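J.:
Residue numbers (this note's numbering): 231 to 526.
Right under this line is the structure:
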């Protein structure tokens with residue numbers, strides 16, 4: 231083994247950089263800046279330190295020190311609870327809510343990223359100890375690229391086609407193409423919707439995608455991302471302008487309606503395509519033997 235100081239330094243640096251790059255403050259407005267960043271970067275530094283010192287501890291050997299990894303795992307499990315509680319508190323003051331499925335997905339991701347930080351530091355320090363700092367830097371770069379790849383996840387554009395839909399009324403029923411959205415009673419509101427409303431159709435590419443889009447949590451996540459960028463003219467108790475996504479019950483696709491502050495159809499379609507597919511409600515039932523038989 232090389233000098234332990236270099237081994238630990240490379241591991242901590244690699245793990246911290248990985249956590250820094252995995253921390254994004256984007257259109258979903260979380261984490262907040264700067265206190266949310268500080269919290270997660272501090273936890274990332276701790277995770278990187280634990281991963282970096284594990285290799286020298288094993289080489290010494292000092293197996294008792296490695297037990298700190300098990301203790302750290304318990305602490306990082308609490309991060310999920312912390313993020314869940316924080317987001318639930320923020321949810322109470324929102325007009326357009328994320329939904330519990332979106333919140334659970336975000337909380338799970340923040341926990342997992344600390345484990346990726348430990349893994350990056352561990353691999354980088356091991357490579358440094360075995361082959362020197364050039365190998366450690368190469369291992370760090372590979373781990374960071376792997377972490378960024380895991381961050382990308384799946385998006386709606388991969389499982390569904392998103393096309394413009396016509397917003398119109400059938401008597402008092404607001405519709406996007408043949409999808410019934412809601413009942414609108416006030417003539418003034420109907421006029422505003424016809425003048426400013428946008429509608430799209432989200433067609434699943436297969437039966438598993440249909441199951442995913444059928445979940446209310448996935449629909450709420452899509453609407454939240456759209457409103458975060460394009461805005462919405464809905465106000466407190468203004469339910470007739472509330473953005474909604476409803477299913478065409480016979481054919482399984484969705485119709486989405488919104489009265490946006492920035493009425494840009496092209497942007498709306500791109501935002502929906504890039505909305506994340508929530509892992510905890512991803513439809514995979516039809517991949518099973520009986521699921522395939524039922525879909526035939």
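The beta carbon of each residue, even a glycine, is placed where N, CA and C say it ideally should be. This one's a predicted model, so the numbers in the text were calculated from it and none came from an experiment.
1) Going by DSSP in three states, residue 231 sits in which element: helix, strand or coil?
2) Buried or exposed: which applies to residue 446, given that a residue is buried once 16 or more other Cβ atoms fall within 10 Å of its Cβ?
3) Could you tell me the distance, in whole angstroms, from the CA atom of residue 257 to the CA atom of residue 500?
4) Which residues mark the beginning and the end of the beta strand (DSSP E) in which residue 493 is found?
5) Indicate whether the contact test is met: 3 or more Cβ pairs, each with one atom in the region 487-505 and one in the region 462-477, closer than 8 Å.
6) Does the distance from the CB of residue 315 to the CB of residue 340 come in under 9 Å?
7) Cutting at 6 Å between CB atoms, please list the residues of its own chain near residue 354, excluding the five before and the five after it.
8) Once the 5 residues before and after residue 347 are set aside, which same chain residues still bring their CB inside 6 Å of it?
9) Are the beta-carbon atoms belonging to residue 351 and residue 281 less than 9 Å from one another?
10) What separation, rounded to the nearest whole angstrom, lies between the Cα atoms of residue 536 and residue 454?
11) Between the C-alpha atoms of residue 398 and residue 416, what's the straight-line distance to the nearest angstrom?
12) Just list the alpha helix (DSSP H) runs in the region 384-433, keeping only unbroken ones of 4 residues or longer that don't cross its boundaries, in chain order.
13) Enumerate in chain order the residues of its own chain whose CB-to-CB distance from residue 412 is below 7 Å, with the five nearest sequence positions on each side excluded.
14) Go ahead and label residue 495 buried or exposed: buried means 16 or more other beta carbons lie within 10 angstroms of its beta carbon, across all protein chains shown.
15) Which of the three DSSP states, helix, strand or coil, is assigned to residue 477?
16) Using 10 angstroms around the beta-carbon of residue 448, count the other beta-carbons present and answer buried if the total reaches 16, otherwise exposed.
17) With 16 other CB atoms within 10 Å as the buried threshold, where does residue 297 fall?
18) Suppose the cutoff is 6 Å on Cβ atoms and the five residues either side in sequence are ignored; what does the same chain contact list for residue 392 look like?
T.: Let's see:
1) Position 1 of the chain shown, counted from the start, is the residue given in the question as residue 231. Any reading at residue 231 needs caution, since the residue's pLDDT is 49, under 50, leaving its predicted position unreliable; the model's value is listed next. Coil.
2) If you number the chain shown from 1, residue 446 lands on position 216. Counting Cβ neighbours within 10 Å, residue 446 comes out exposed, since fewer than 16 surround it.
3) Translated into the one-based positions of the chain shown, residue 257 becomes position 27. Translated into the one-based positions of the chain shown, residue 500 becomes position 270. Below a pLDDT of 50, predicted positions are generally treated as unreliable, and residue 257, at 47, falls in that range; the measurement from the model is reported next regardless. Their Cα atoms are separated by approximately 14 Å.
4) Position 263 of the chain shown, counted from the start, is the residue given in the question as residue 493. No beta strand (DSSP E) holds residue 493; DSSP gives it neither H nor E.
5) yes
6) Locating residue 315 in the chain shown gives position 85, where the first residue counts as 1. Locating residue 340 in the chain shown gives position 110, where the first residue counts as 1. No, Cβ-Cβ distance for residue 315 and residue 340 is not below 9 Å.
7) Stepping through the chain shown from its first residue, residue 354 is reached at position 124. If we look at residue 354 and ignore the five residues flanking it on each side, its Cβ neighbours are 240, 241, 244, 366, 369, 370.
8) Here residue 347 refers to the residue found at position 117 when the chain shown is read from its first residue. 245, 248, 249, 274, 277, 278, listed in sequence order.
9) Sequence index remark: in the chain shown, residue 351 carries index 121 (1-based). Sequence index remark: in the chain shown, residue 281 carries index 51 (1-based). It is a contact, given that the beta carbons lie within the stated cut-off.
10) No information on residue 536 is available, as it lies outside the stretch 231 to 526 that the chain covers here.
11) Start at 1 with the first residue of the chain shown, and residue 398 comes out as number 168. Start at 1 with the first residue of the chain shown, and residue 416 comes out as number 186. One C-alpha to the other measures close to 15 Å.
12) 386-389, 417-426
13) Your numbering for residue 412 matches position 182 in the chain shown. These residues qualify, in order along the chain: 404, 474.
14) Mapped onto the chain shown, residue 495 falls at position 265. When all chains shown are included, residue 495 counts as exposed.
15) Numbered from its first residue, the chain shown carries residue 477 at position 247. Three-state result, residue 477: strand.
16) As a first step, residue 448 is located in the chain shown; it is residue number 218 there, counting from the start. The residue is buried, with at least 16 neighbouring Cβ atoms inside 10 Å.
17) Against the chain shown, residue 297 aligns to sequence position 67. Residue 297 is exposed by the Cβ-count criterion.
18) Counted from its first residue, the chain shown places residue 392 at position 162. Cβ within range, chain order: 430, 432, 499, 502, 503.
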